[in-house]
Amino acid sequence: MNDLRARIAQIVERDRARIANGERGAKLAAPTETLSTRRDPSGLAAGFPSVATRPGAPTPGGPRSAPLADSSPPFVVHEKRIALDDLGLEIVGRGACDPLLVAHLGLKGDPPERWQDVLFLDTETTGLSGGTGTYVFLIGVAHFAGKELILRQHLLLDLGAERAFIAALKKEIEPFRACASYNGKSFDLPIIRTRFVMAIRSELTIDDSHLDLLHPARRLWRDRFGSTSLKQLEESVLDDGRIADVPGWLIPDAYFHYLRKRDPAIIAPVLEHNARDVISLVRITDRVARAVLAARTGRAPDHAPAAFALARGFERTGELDAAFACYESAYYDGDNALRAKLAIAFARHLERRGELERALRMMETLLDLGLGSSRWRGQAESRIRRLSKKRWRGLATAT
Amino acid sequence: MSPRTAVRFPARVSLEQILDTLARDPDFKQLVTRWERIPPRRASYAEFPAWLDGRISATLRRRGILSLYSHQADALETTHAGKHTVVVTPTASGKTLCYDLPVIDAIAKDPTARALYIFPTKALAQDQLTELERLAKDVDIELKTYTYDGDTPPAVRAAIRSAGHVVITNPDMLHTGILPHHTKWVKLFENLRYVVLDELHTYRGVFGSNVANVLRRLRRVCAFYGSHPVFICTSATIANPEELARRHVEDEVVVIDKNGAPRGEKVLVFVNPPVVNQSLGVRKSALFTGRDIAATLLASGVQTIAFTRSRVSTELLLTYLRARFPQPQWPPDLVRGYRGGYLPSERRAIERGLRDGSVRGVVSTNALELGIDIGALQAAVLIGYPGTVASTWQQMGRAGRREELSAAFLVATSLPVDQYVVQHPDYVLQRSPEAGLVNPDNLHLLVQHLKCGAFEIPFERKERFGTEDTPGVLSYLDEQGILHEADGRYHWSAQSFPAEGMSLRTATSDNVVVVDQTDGKQRVIGEIDRFGAPLTLHEQAIYLHEGRQLQVERLDWENAKAYVREVKVDYYTQAGESVRIRVLDEFARQDSPRFGRAHGEVLVSAIATIYKKLTMYTHENIGWGKIHIPEQELQTTSFWLSLSAHATAGWPRERVEVALAGLGNLLHGLAPLLLMCDPHDLGLAVEVRSPHTELPTIYLFDMTPGGVGFSERLFKWTDALLERAREHLDSCGCGTGCPSCVGPAHALGHDVREAVADLLALR
C-alpha cells in the first residue's frame, strides 16, 4: 500500500508540475492563503445579519476530518430585503413589464408579463471551464415583492449535499416565469442546467424567457468604458464602486479552502461578492431601461456609439421614430467613422420621412471626405443614385 | 525487369500478363524471395434472420443482396441476443453491415434507440457517415447520423446532442468533448443500445490502454443514465481478438472469425532489393525498387496502391512516379498522394477518384490501411514491412476484388525486421499475426483517467475503476485536495479540467520535436521521446531523416525543440551514454542452464556522455565532443535475459561483451515482431555484470512510463524470441554482422556474429 501511495504521489506531482509550468497554477496557491487568513470585517456579519434557514448546523472551523454528522448534510439560505427606493430603481420593479422595453434588455424567448415574474440570478462555481465536474456552490437569486427586492443566497456547505441543495433551488425557481442574468446565457444557465441533470435528473426551463443584460450593456457602454464587467459598470454607471472585493478567479479556491477549514470567514467575502453581483444586475437592468425610455422620448444618449446601439435596437423593435432620433443624435455627436457606419441606415430613415435633400447632402459629404471601405463607398454611391432619381421624380411630379 | 516501359496509357495489359512477364524476368526473379499464389475462395451464405425488420431485408434485396455472408449473420445473431461481439475478418469482407444492420434494426423498431460509433480516425468517421446515411435513406426510416469531432461546427452541436440517432466520433473527442459534458447528451446515454468499436486492433499499446480507460468512463456514464449498451467490435486478424476485446469491454465477448466472404485469386510477392554494400549491409533503396514495380503496373493500366511508412517517403515516391509519367502523354491525375496533412476535401476527391477509376494510382501512408472506402484495387505495393502482420494483411488486402485476380508486393528495406520478414515469408503467410497488447491498469494512465472519471461523476467510496486499489487511489487524491470526500462520495474539487491537455496517443506529452530550418523556414519533421533524445539530438549530432543528413544546431532542452539544418558531410555521429538499471521489483523469474529470464519494475537512468564523429565508409574516429544534457530517469517495466556462467564458460571477457551487445541488438530488432509494437517503444540496455543478477544481462524495457505490458509478454515468449533470433541469424546474408542482424561488425567486433551464434546454439 505504501508503495502504491509513493507511486501515485510521483504521478500526481509530475502532473502538477506540468500544469504549473504551462498555466497560472503556481500563482494560485499563494493568494488563496492570504484570502483565507484575511478576516473581512464587512463580511457576513456586517453585510448580512441575515435569516439563516438551514436544515442542519455546520461546525464552523471544525477540521475536515470530522465530517458533518447528520445524514442530509446542510446548505443554508441567506435572505435579505432591500427597499426599491434604496436601490434607486425607477423603472425595473415598478409597474408592469413593457414588452417593447424588455426586448431591449437582451431578451431571449417570450417577454415576461410582470417584473415580479423575473428572477435575477448569479452563480459562483468551483471552476470556470464548465463540464460535469464544475459545481455551483452559491447562487444568489432576487425577485420583487411589493416595494422590496428580496435577495436569497443559497450556499452549499458540502458537495455531498448537492442533491438537497439543487432540489431546494428548483423549488425556489419554480414560481418564476423568466430570469435575468449577466452573461448567464453562456455561463450561469448551462452550468445550472448541468447541475440539475447531475443532482436530480431534472430539466431547467426558467430560461425559456431570459434577459441577459451583458449584451445590451456592452452595446451601450463598452465603447465608453472599455470594459463592461459588472464591477466596471458599478463604478462608471452606478457611481458606486466596490471597495473590498474577492477577484472572481480566486473564488473557486476560496470555496475549496472553506470545505477543508469550515471557517465562515473564508466564505463571507464570497457571499458579499455574490450579493453585490445580483444587486448590481438589478440596478444595471434599470439603467439600461432608463436609457431606452429616455431615447424613446427624444433624449438619446450623449455618447454617440450608445445612441447608435439604441437606434439599431429600436429598428429591431420597429420603433422607427425612436430609431430616427437616436441615429440623428449619433450622427451629430459621432466621429466620421461612426457617421459612415450609420449613414446608410440613417439615410433610409431620412428618405422615409421625405427629407431627400438632407439625405443626399449627408451621403455626398461623407463620400467627399473619402470615408469608408470601397464596398461601403459602392453602397453609398448606389444609395445616392437612388435618392437622386427619387428627387427628380419628385420634382417632376411637383411641376 | 525493364522499368522504362514503352506501353502508353490507356493501352491495357492484363495483370495476369504482367505477372507472367515479371515471373520470367531473370533480374526480377533474383530479388524475389517468395512467389505465393493464394487460391480463390467461395462465399458462404446465410439467410436474413427472421427478426430483422422487413424494410431492411427488402432494401438489401433491392440492392441485389439476397442473403448475408455467414459471418454477418453470426454477428447479427449474437448482437441481437445482447452479447458483446468482436468480428475478426479481413478487409472488404462486409464488416460494416455487421454493426450497421443491428443498429438500423434497433432504430427501426424503436426510434428512441441510440448508437455510438467510435472510429480511430476522423477520416474513417466521415466515410461511415455517408454509408450509413445512404442505407438508412433506402430503408426509409428516420435515422439522423452525425459525426461529432473537432471539425463539427458549434452551431450544429446542440442538434446532434439531442437528435442524433447515431453519433460517430473518435476516442479523443469522447475523452475531451463528450464524457466531461455528458449532461448535454442525456438522450444519447439514456437510450444507448449499441457502441461500435471499429478497427479494434488499432487500440493497442499506450493508445489502446488509454482508450480502454476512456471506455471504463463511458460505461460509468451509461450506468449513471441506466443504459447498458452492447459493444460490437471489428478487428483485423490478430492473435488475441478475444483478449483484446475483453480488456476493452471488461465483460464476456463472443468472437466471430469465420469469414464467409468470397475472394478472388491473389498473388503475393516478397521482394528484397539487391545488396549494394556487403559490409554495411546496405541494400538498394526499397523506394526505388518499389517505384519500378508500381510504374510497371501503372503503365499497363493496373489500378495500384503503394504504401510507404512515412509522409516524406509518400511524397518522394509520388515525385518519382510522376517523373515516370510526364504530361501531356499521361493524364495529370494518374497518380495521387494520400496522407494525413491533406485537406479533407482533397482526400474525399481522391477516394472518389479511386472508386470510380479516374485515379489510377495512389501513394499513401498507412492512412489508407484502415477501412476507408476506396473500392478494391488490383495491385498493392508495400514499401517496407508495415511493422505488423496485421497491417501487412490490411495493406495487401487493399488489392483484391471478389472475382478477379489481384497482386501484392512487399518490398523490404534494410531494417532488421524487414530483413527477417522478407527472408522468412512464412512469418507473414503461415503464422497467426501478433497479439494486440494493452495495459489499462498502468498506474500512470489509470490515475489520469480516474481523475477524469471523478470529474464526470463522483466516485462511490467502494467503487472499482480497473485496479483493486481504487479506494487507495481515491483516498490519496482526497488527501491531496484533488478530490473531496463528502457523504461517501469523492467529488472533483479542483478548478482545472482534467481531460484537457491529456493526450490519448502518448503516455507522456514529453517529446522533443525536430525542427528543420533548412531554407530559412521552420518545419517540424519528426519527434523523439525525451528519454531517447539526448543520444540522437545533442548539439552537433548528425540526425538522419529519410536519407538526408541534418545537423543539430541548437537543442532547446527546456522547450523540447531541436533545430536542425541540412548538411553534406562524410561522417556520422555516434553518442555514448551510460545507462544504469536499478531493479525495483522482480515480478517473476525462470532459470534454465544457459539463460535466466525475468521481468519486473525498473528505474532506468541514462546520461549521454560524449559523441564521436566517424567517417562514412571507414568508420575512423575523426573527432569527439561532450554532451551536456541532464540525466534522464524512466520508471518502467522491463524484461531481462542473463547469460549463466555456464553459457560463456571459458570465454574471454571481451568475447562475452561482444556477444552480449550483438545478442541485445538482435533481440531488440526482432522483439517488435512479437509484440506488435514500434521498435522505438522498446529500450535496450546491456550490462556485462548486472548488479541485480550478477551476470551478463540484456534488458529490454518498455519506453512508456509504467509499461504497457511488453515485458511480461517477452518473459512468456522468450523461447519464441530466441528461436526467431536463431533463424534470422542463420539466414542473414552478411558475413560478419550487419545492422540488419546483430549490428555492424566494424563497431562491435569482427567476431560478433559468430559469438552470438555460439550463444544461441546453446539452449
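The listed protein sequences derive, respectively, from chains F and W. If you read the first sequence in my numbering, its first letter stands for residue 1, the second for the next number, and so on. If you read the second sequence in my numbering, its first letter stands for residue 400, the second for the next number, and so on. Note that CB positions come from ideal geometry on N, CA and C, so glycine has one too. All values derive from a computational prediction rather than experimental measurement.
Inset, instruction - State the start and end residues of the unbroken beta strand (DSSP E) segment that holds Arg407/F. - result: The structure shown does not extend to residue 407/F, since chain F is modelled only from 1 through 399, so no value can be given for it.
Inset, instruction - Give the single residue among Asp969/W, Val1003/W and Asn590/W whose Cα lies nearest to the Cα of Gly1022/W. - result: Asp969/W
Inset, instruction - Keeping to the same chain, check which residues put their C-beta closer than 6 Å to that of Glu1000/W; ignore five residues upstream and five downstream. - result: Leu983, Asp984 and Thr1036
Inset, instruction - Apply the 10 Å Cβ neighbour rule to Arg754/W and answer buried if 16 or more other Cβ atoms are within range, or exposed otherwise. - result: exposed
Legend entry - Three-way DSSP call (helix, strand, coil) for Trp390/W in this model: Because chain W spans 400 through 1162 in this model, residue 390/W falls outside it and cannot be assessed.
Inset, instruction - Report yes or no: is there a C-beta of chain W within less than 8 Å of the C-beta of Ser129/F? - result: yes
Legend entry - Check: Lys508/W C-beta below 7 Å from any heavy atom of the ligand HEM: Of ligands this structure carries none, so the ligand HEM is not represented either.
Inset, instruction - Using a threshold of 8 Å, state whether the C-beta atoms of Val1141/W and Gly1082/W are closer than that. - result: no
Legend entry - Beta-carbon proximity of Gly140/F to Ala275/F, cut-off 8 Å: yes
Inset, instruction - Give a yes or no on whether 8 Å exceeds the smallest Cβ distance from Val1155/W to chain F. - result: no
Legend entry - Three-state secondary structure assigned by DSSP to Pro41/F: Legend: pLDDT at Pro41/F = 35, less than 50; position of this residue unreliable, value from coordinates given subsequently. The answer is coil: DSSP assigns Pro41/F none of H, G, I, E or B.
Inset, instruction - Over the uninterrupted alpha helix (DSSP H) stretch that includes Thr568/W, give me the two end residues. - result: Segment Val565 to Thr568 is the beta strand (DSSP E) holding Thr568/W; no alpha helix (DSSP H) there.
Legend entry - Reference Thr194/F; option with closest CA among Ile243/F, Ala103/F and Tyr135/F: Tyr135/F
Inset, instruction - Select from the region 844 to 856 of chain W all residues with a C-beta closer than 8 Å to any C-beta belonging to chain F, and list them in chain order. - result: Val846, Gln847, Ala853, Phe854, Glu855 and Ile856
Legend entry - Selected residue, minimal CA-CA separation from Phe687/W, among Ile927/W, Tyr547/W and Ser712/W: Ser712/W
Inset, instruction - Would you kindly work out how many angstroms separate the C-alpha atoms of Gly133/F and His890/W, rounded to a whole number? - result: 8 Å
Inset, instruction - Let me know the secondary structure DSSP gives Gly576/W once reduced to three states. - result: helix
Inset, instruction - Indicate whether at least one CB of chain W lies closer than 8 Å to the CB of Leu204/F. - result: no
Legend entry - Alpha carbon of Tyr468/W to alpha carbon of Ala778/W, nearest angstrom: 25 Å
Inset, instruction - Establish whether the CB of Leu414/W and some CB of chain F are separated by less than 8 Å. - result: no
Legend entry - Positions along the region 890 to 917 of chain W whose CB lies within less than 7 Å of some CB in chain F: His890, Trp891, Ser892, Gln894, Ser895 and Phe896
Inset, instruction - Report all residues from its chain with a CB closer than 6 Å to the CB of Leu949/W; omit the five preceding and five following residues, and keep chain order. - result: Tyr942, Val963 and Glu965
Inset, instruction - Taking the CB atoms as reference points, tell me whether Val197/F and Val585/W lie closer together than 8 Å. - result: yes
Legend entry - Asp253/F (DSSP reduced to helix, strand or coil): helix
Inset, instruction - For Leu213/F, count neighbouring C-beta atoms within 10 Å of its own C-beta (all shown protein chains included) and say buried if the count is 16 or more, exposed if not. - result: buried
Legend entry - Nearest residue (CA-CA) to His1045/W, options Arg993/W, Asp1080/W and Arg1052/W: Arg993/W
Inset, instruction - Note down the Cα distance separating Phe1114/W from Phe1100/W, rounded to an integer number of angstroms. - result: 11 Å
Inset, instruction - Determine whether the Cβ of Ser65/F lies closer than 8 Å to any Cβ atom of chain W. - result: Confidence is the limiting factor: at Ser65/F the pLDDT is only 35, short of 50, which leaves the residue's position unreliable, though a coordinate-based value still follows. With 8 Å as the cut-off, Ser65/F does not count as an interface residue toward chain W.
Inset, instruction - Could you check the C-alpha separation between Asp928/W and Pro897/W for me, to the nearest Å? - result: 23 Å
Inset, instruction - Let me know if Arg299/F comes out buried or exposed under the rule of 16 or more other beta-carbons within 10 Å of its beta-carbon. - result: exposed
Legend entry - Under the three-state DSSP convention, the category Ala137/F falls into: A quick correction: the sequence has Phe, not Ala, at residue 137/F. Three-state result, Phe137/F: strand.
Inset, instruction - Pull up the distance between the alpha-carbon of Arg404/F and that of Gly88/F, whole angstroms please. - result: The question about residue 404/F has no answer here: the residues shown for chain F are numbered 1 through 399.
Legend entry - Residue range of the alpha helix (DSSP H) that includes Lys365/W: Limits of chain W in this structure are 400 at one end and 1162 at the other, which puts residue 365/W out of reach.
Inset, instruction - Taking Leu204/F and Pro74/F to be in contact with their CB atoms under 8 Å, please state how far apart those CB atoms are, rounded to whole angstroms. - result: That pair is no contact at about 24 Å.
Inset, instruction - Spell out whether any CB of chain W is found under 8 Å from the CB atom of Ser36/F. - result: For Ser36/F, the predicted structure reports a pLDDT of 33, less than 50, and the residue's modelled location is therefore unreliable. The matter cannot be settled from this model.
Legend entry - Straight-line Cα distance separating Pro264/F from Ala180/F: 29 Å
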